[in-house]
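K.L.:
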DNA sequence: CGGCATATTGAAAGGAGTCAAGCTGTGTGG
DNA sequence: CCACACAGCTTGACTCCTTTCAATATGCCG
């Protein structure tokens, strides 16, 4: 049982105060499906590995991480998703990953079958799904490059740059995730992430206000790779 | 100019000795498009990074690697493709990768636009492309896990197992690619790949006949991870 | 203003990388 | 058919980056 399922009844009500039906969730510009919005508590699961794939999800607010766990406890973070981004699209019928809220978030979700129906009837929906898939593929391939060929400092730099790009603000970022999350995403340890960040601050490239807010010092930009 | 383009005229002839038209290339069971088959020499490029995306390709025989090069010369291998597998599917209009033949190969290719046309007219074609994309995505995500969280020995083990699965023969494999290729695929150096392989042989898990042929010793299976 | 999770820092160990020889074996020419 | 040569692979010694283990500091939340 996922956290989302537990919230569903409650949230269907909240998302539809007048009881008039379901929300319309925008999957892509012009592509809309009937769905629901639910709040997910910090660290709560949206779905877990092995669950049947039932919905497609969209982050309304907050942040979600998609993870994979090895038998021996090692954890790998496949991706982070932020407001406006879709996740949970998988080809098979059971989830290969888990998804959890990094911070208290609001998640919209539509039945996978509703998306399939939409796609049957509309070319634009099919291409929207296709484009989403292509974007995920490119992201995963970039991630593999980062993990396979970049040093710790380069990985952290790439991560900060990606965060800046995706939040749209290019002179400061607020990290919603912990150092452990960053480490598991970058294939490093929290100590290495922390040390690298400290070193970047000492070198003058970035400046911290608390452990989660970073200002980029334009005078000394982060070394860029890839 | 790609090696493929250089071969194209010559090969169109060879693939169509009677001059009756183009070959039919099977993109997926039941999904067929007009295409051509060309031989590609060992180490020759099928397409290179920055080229416009014009075709979709299928390995008829041989093996292809898809690579990415960093400015400083570091190389990352995104994937290997073997007989029967499709590659070159990218969302954008310019290739983000290069593709080269690992050994002398025969490559079938169809115009991307022909696939798009096929997809317009046929539901099964759309889903074939979608499934291909989904498979690539899963592969890339698995690759990221390997690169991010597995030790050198585990990476090499995962690689050998993957090769065995994909060639269908599960007690021996013939590696078409060099140690450098393996290293660039696994995010290691050739020395580490070589040492790991030697160690596996010494431990009795595998047995070499020449540097490229491996027999799996069923008595002591490779440790399995992920 | 505590108290606990999160983050930083230090010291030591270890795994993979680097540099440098050798070795194999495959293909070619005598 | 053998010998040589070159590319590819292996092995060794040493270095270095990242991890590990351990302690201390920070800062957020009640």
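Residue numbers (the working numbering), protein chains in the order written: chain C, 1 to 226; chain H, 1001 to 1226.
The C-beta atom is built at its ideal place from N, Cα and C for all residues, glycine as well.
All of these numbers come straight from a predicted model, not from anything done at the bench.
Within 8 Å (strictly less), CB to CB, does residue 1134 of chain H reach chain C?
P.N.:
Yes, residue 1134 of chain H counts as interfacial toward chain C.
K.L.:
Excluding the five sequence neighbours on either side, which residues of its own chain have a C-beta within less than 7 Å of the C-beta of residue 125 of chain C, listed in chain order?
P.N.:
Hits under 7 Å: 31, 118, 119.
K.L.:
Taking 8 Å as the limit between beta carbons, can you name the residues of its chain near residue 94 of chain C, skipping five residues before and five after?
P.N.:
Around residue 94 of chain C: 50, 51, 52, 53.
K.L.:
Which residues does DSSP pair with residue 61 of chain C in a beta bridge?
P.N.:
Answer is C:106.
K.L.:
Taking 8 Å as the CB-CB cut-off, is residue 179 of chain C touching chain H?
P.N.:
It does not: the Cβ of residue 179 of chain C has no partner Cβ on chain H nearer than 8 Å.
K.L.:
Any contact of the segment 1096-1111 of chain H with the segment 1136-1155 of chain H, i.e. 3+ C-beta pairs under 8 Å?
P.N.:
No contact exists between the segment 1096-1111 of chain H and the segment 1136-1155 of chain H.
K.L.:
Quick check on this structure: which residue in H:1131, H:1163, H:1025, H:1207 has the alpha carbon closest to the alpha carbon of residue 90 of chain C?
P.N.:
The option with the nearest alpha carbon to residue 90 of chain C is H:1131.
K.L.:
The beta strand (DSSP E) that contains residue 1207 of chain H, what's its start and end?
P.N.:
From DSSP, the beta strand (DSSP E) with residue 1207 of chain H extends over 1206-1209.
K.L.:
To the nearest whole angstrom, what separates the beta carbons of residue 1158 of chain H and residue 1225 of chain H, a pair I think is in contact under 8 Å?
P.N.:
That pair is a contact at about 7 Å.
K.L.:
Along chain C, which residues have their Cβ under 7 Å away from the Cβ of residue 1145 of chain H?
P.N.:
Residues of chain C passing the Cβ test: 68, 76.
K.L.:
Please state whether DSSP places residue 145 of chain C in a helix, a strand or coil.
P.N.:
It is helical.
K.L.:
Which same chain residues, not among the five before or five after residue 128 of chain C, have their C-beta less than 7 Å away from its C-beta?
P.N.:
Only 27, 28, 31 meet the Cβ criterion.
K.L.:
With 9 Å as the limit, tell me which residues of the segment 1097-1128 of chain H have their beta carbon closer than that to any beta carbon of chain C; keep them in chain order.
P.N.:
Flagged, chain order: 1097, 1119, 1120, 1123, 1126.
K.L.:
With DSSP as the reference, please indicate the residues paired to residue 35 of chain C in a beta bridge.
P.N.:
Bridge partners of residue 35 of chain C: C:23.
K.L.:
Going along the chain, which residues of its own chain have a beta-carbon closer than 7 Å to the beta-carbon of residue 1103 of chain H, five neighbours each way excluded?
P.N.:
Excluding positions up to five away in sequence, the list reads 1042, 1062, 1063, 1176.
K.L.:
Pull up the distance between the alpha-carbon of residue 1166 of chain H and that of residue 66 of chain C, whole angstroms please.
P.N.:
Roughly 27 Å separates the two Cα atoms.
K.L.:
So which of H:1202, H:1057, H:1155, H:1069 has the shortest CA-CA distance to residue 1081 of chain H?
P.N.:
When each option's Cα is compared against that of residue 1081 of chain H, the closest is H:1057.
K.L.:
Under 8 Å by Cβ, that's how I've got residue 25 of chain C and residue 101 of chain C pegged, so tell me the actual separation to the nearest angstrom.
P.N.:
Between residue 101 of chain C and residue 25 of chain C the Cβ distance is about 18 Å, and since that is not below 8 Å, they are no contact.
K.L.:
Give a yes or no on whether the minimum CB-CB distance between residue 223 of chain C and chain H is below 8 Å.
P.N.:
With 8 Å as the cut-off, residue 223 of chain C does not count as an interface residue toward chain H.
K.L.:
Any beta carbon of chain H sitting closer than 8 Å to that of residue 211 of chain C?
P.N.:
For residue 211 of chain C, the answer is no, since every Cβ of chain H falls outside 8 Å of its Cβ.
K.L.:
Less than 8 Å separating the beta-carbons of residue 1172 of chain H and residue 1215 of chain H?
P.N.:
It is a contact, given that the beta carbons lie within the stated cut-off.
K.L.:
Determine whether the Cβ of residue 141 of chain C lies closer than 8 Å to any Cβ atom of chain H.
P.N.:
With 8 Å as the cut-off, residue 141 of chain C counts as an interface residue toward chain H.
K.L.:
Quick one: which residues of the segment 148-182 of chain C get their C-beta closer than 9 Å to a C-beta of chain H? List them in chain order.
P.N.:
Per Cβ criterion, the list reads 148, 149, 150.
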